[in-house]
Amino acid sequence: MRPPALDLPIMFIDVRITAGAVTILDGVTLTISPGMPTVLIGPNGAGKTTLLRAAMGLVPPSSGLVTWGGRESSDPKHRAIMFQRPAMLRRSAGGNVRYALAAAGMPRSKRHERATALLSEVGLTGLDHRPARRLSGGEQQRLALARALARDPGILFLDEPTASLDPAATKAIEDIVRAVSARGVKVVMCTHDLGQAKRLAGNVVLMHRGRLIENTPAAQFFATPRTEEARKFVAGELLV
Amino acid sequence: MSGGESALQLVLSGDPGLFAIVRLSLLVSLTAVLFAALIGVPVGALLALTRFRGREAVVVILNALMGLPPVVVGLAVFLLLSRSGPLGEWGLLFTPQAMVIAQTVLVAPIIAALTRQTIEDLWVEYQAELTAMDVGPLHRVFTLIWDARFSLVTALLAGFGRAAAEVGAIIIVGGNIDGFTRTMTTAIALETSKGDLPLAVGLGIVLIIIVIIINALAWGIRRTGERYAG
Chain W
8 MRPPALDLPI MFIDVRITAG AVTILDGVTL TISPGMPTVL IGPNGAGKTT LLRAAMGLVP
68 PSSGLVTWGG RESSDPKHRA IMFQRPAMLR RSAGGNVRYA LAAAGMPRSK RHERATALLS
128 EVGLTGLDHR PARRLSGGEQ QRLALARALA RDPGILFLDE PTASLDPAAT KAIEDIVRAV
188 SARGVKVVMC THDLGQAKRL AGNVVLMHRG RLIENTPAAQ FFATPRTEEA RKFVAGELLV
Chain U
5 MSGGESALQL VLSGDPGLFA IVRLSLLVSL TAVLFAALIG VPVGALLALT RFRGREAVVV
65 ILNALMGLPP VVVGLAVFLL LSRSGPLGEW GLLFTPQAMV IAQTVLVAPI IAALTRQTIE
125 DLWVEYQAEL TAMDVGPLHR VFTLIWDARF SLVTALLAGF GRAAAEVGAI IIVGGNIDGF
185 TRTMTTAIAL ETSKGDLPLA VGLGIVLIII VIIINALAWG IRRTGERYAG
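Protein chains in written order, with the working numbering: chain W, 8 to 247; chain U, 5 to 234.
So this is what it looks like as structure tokens:
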């Protein structure tokens, strides 16, 4: 078990993010604390991805404030993100992981061994030399996860890590996420899969049209949602 | 056809005169491609990764320069290197060096434009990941050039194909001097006009074989790239 990341808590204080005339995040105030995974849910275009990217430090707020462990700017060394459609570097699977290790500053002599361990952790043992772009969808997601873990992050952001994967591949990813979280890594992820939110979440954040609707411990969210939107969402009604 | 037969004999017998011409052609074009790569790859990569006012215009002009007429390049380099020209005191006119300069000017835009396209496409794909991995600017450039290396070698071969096949630039600045600046293409032009068809046809055969080998190389490199990098 590792100590909580220095970057925690991540605080969003009245964060607004706009792109041209479009408001993507609209006055979001949120605290991401150490502990079980925080799972963002909500319809397409709710702002989940942008919230993740802002928390990673990739998108600056148009107004408002994001702080990491109380600091307004923070080296992203202890954070890693896996995008919804991860780009595979034109290298072997092992080469992709070794590249991430190099970018994270690991000396060359240690990379090979560490890459092998990471590939084994995500269940890709033996695929070291396979071109990454020739892997199946599920394998590519797992490789992207290994690449993110190569940074040895204290906080791991996952943007719909199992979108368009079959149940077996989804389970493989969820098992890794559970193991990583159990080690003390803070996982922040978004998903469209309510079952997945139930299985993994410590707390659930419901987003709708750029606004934060509800941020509640998972058990409570699914049993007694506080807001009308959450009630609808949990009941499987379409939130539009 | 007796012309064809004696041309073939010339090629197969390894005629020293013909061999010297082929050797000079390859030397000039390969050297030009080397210099053009040293200029074109960094310029192309820089253009792919920077944003400035007028960049679009530069890209359009660079793409247009890919189709630069060799005779015009030859004329420009001729004016530059001629006795009364700005670089006349170098005394390079009608030397192999002048031919290398002309072909470098001809090939560098091709390599730069193809590099720009390749690197820019790859950057679109890689941008989010490399940013998230906190990869610095210089490391990014090396990553993109390395990961695009198979496409870039194809660009170099395209440049070499262009250099090896052109006659307009080198005949003007080289002068087609026997045993000194005579290459395959200039010799073919001269021998044809003189009516010595066997030598012209023989050189033509050699040139076509070289072009086929280049394309086979490009094909092989592409396949290898797919195998290793996907």
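Ideal Cβ placement from N, Cα and C applies to all residues, glycine included. Only a predicted model underlies this, so the values are computations on that prediction, with no experimental measurement involved.
Between Ala168 of chain U and chain W, the shortest Cβ-Cβ separation is not below 8 Å.
Proximity of Val215 of chain U to chain W, defined by a Cβ-Cβ separation below 8 Å, is not satisfied. Under the three-state reduction of DSSP, Asn222 of chain W is assigned to strand. Membership of Trp75 of chain W in the beta strand (DSSP E) is indicated by the continuous run Ser70 to Trp75. As DSSP reads the structure, Leu37 of chain W sits in a beta bridge with W:Phe19. For Phe229 of chain W, the secondary structure class from DSSP, reduced to helix, strand or coil, is helix. Per the Cβ contact rule, the segment 110-122 of chain U is in contact with the segment 49-58 of chain U (3 or more Cβ pairs under 8 Å). Flagged as an interface residue toward chain W: Ala136 of chain U, by a C-beta distance shorter than 8 Å.
Excluding its 5 nearest sequence neighbours in each direction, Leu246 of chain W has C-beta neighbours in its own chain below 7 Å: Pro50, His215, Glu236, Lys239 and Phe240, listed in chain order. In this structure, the straight-line span from the alpha carbon of Ile220 of chain W to that of Val46 of chain W is close to 13 Å. For Ala132 of chain U, the closest Cβ of chain W is nearer than 8 Å. Within chain U, no C-beta atom comes less than 8 Å from the C-beta of Pro10 of chain W; the nearest is roughly 22 Å away. DSSP places His215 of chain W within a strand segment (E or B) once states are collapsed to three. In the displayed model, Arg144 of chain U falls within a helix according to three-state DSSP. DSSP places Asn67 of chain U in the helix class (H, G or I) of the three-state scheme. Each residue's CA atom was taken as its position, placing Asn180 of chain U and Gly101 of chain W some 54 Å apart. In this structure, DSSP gives Met113 of chain W a state outside helix and strand, which the three-state scheme calls coil. Taken in chain order, the whole beta strand (DSSP E) runs of length 3 or more contained in the segment 147-206 of chain U number zero. Counting C-beta atoms within 10 angstroms of its own C-beta, His85 of chain W has 16 or more neighbours from the protein chains shown and is therefore classed as buried.
The continuous beta strand (DSSP E) containing Lys193 of chain W extends over residues Lys193 to Cys197. At a Cβ-Cβ threshold of 8 Å, Ala40 of chain U and Val111 of chain U count as neighbours.
One thing to note: Gln107 of chain U has its Cβ within 8 Å of the Cβ of Ser33 of chain U. Collapsing the DSSP output to three states places Asn51 of chain W in coil. Met89 of chain W is bridged by DSSP to W:Leu165. With respect to chain W, the C-beta atom of Asp151 of chain U has a partner C-beta closer than 8 Å.
In the DSSP assignment, Ile218 of chain U forms no beta bridge with any residue.
In its chain, beyond the 5 residues on either side, Ser99, Ala100, Gly101, Ala122, Thr123 and Leu126 have a beta carbon closer than 8 Å to the beta carbon of Asp135 of chain W. For Asp125 of chain U, the enclosing alpha helix (DSSP H) starts and ends at Pro100 to Ala136.
Going by beta carbons, Leu69 of chain U and Pro113 of chain U fall inside the 8 Å limit. A straight-line Cα-Cα distance of about 56 Å links Ala102 of chain U and Leu131 of chain W. In the DSSP assignment, Val129 of chain W forms no beta bridge with any residue.
At a Cβ-Cβ threshold of 8 Å, Ala153 of chain W and Leu96 of chain W do not count as neighbours. Within the same chain, Cβ atoms closer than 7 Å to the Cβ of Ala162 of chain U are found at Ile114 and Leu118, the five residues on either side in sequence being excluded. In the structure shown, Ser80 of chain W adopts coil according to DSSP, grouped into three states.
In the three-state scheme derived from DSSP, where H, G and I count as helix and E and B as strand, Leu32 of chain W is classed as strand. Distance between Asn222 of chain W and Ala53 of chain W, taken at the CA atoms: about 14 Å.
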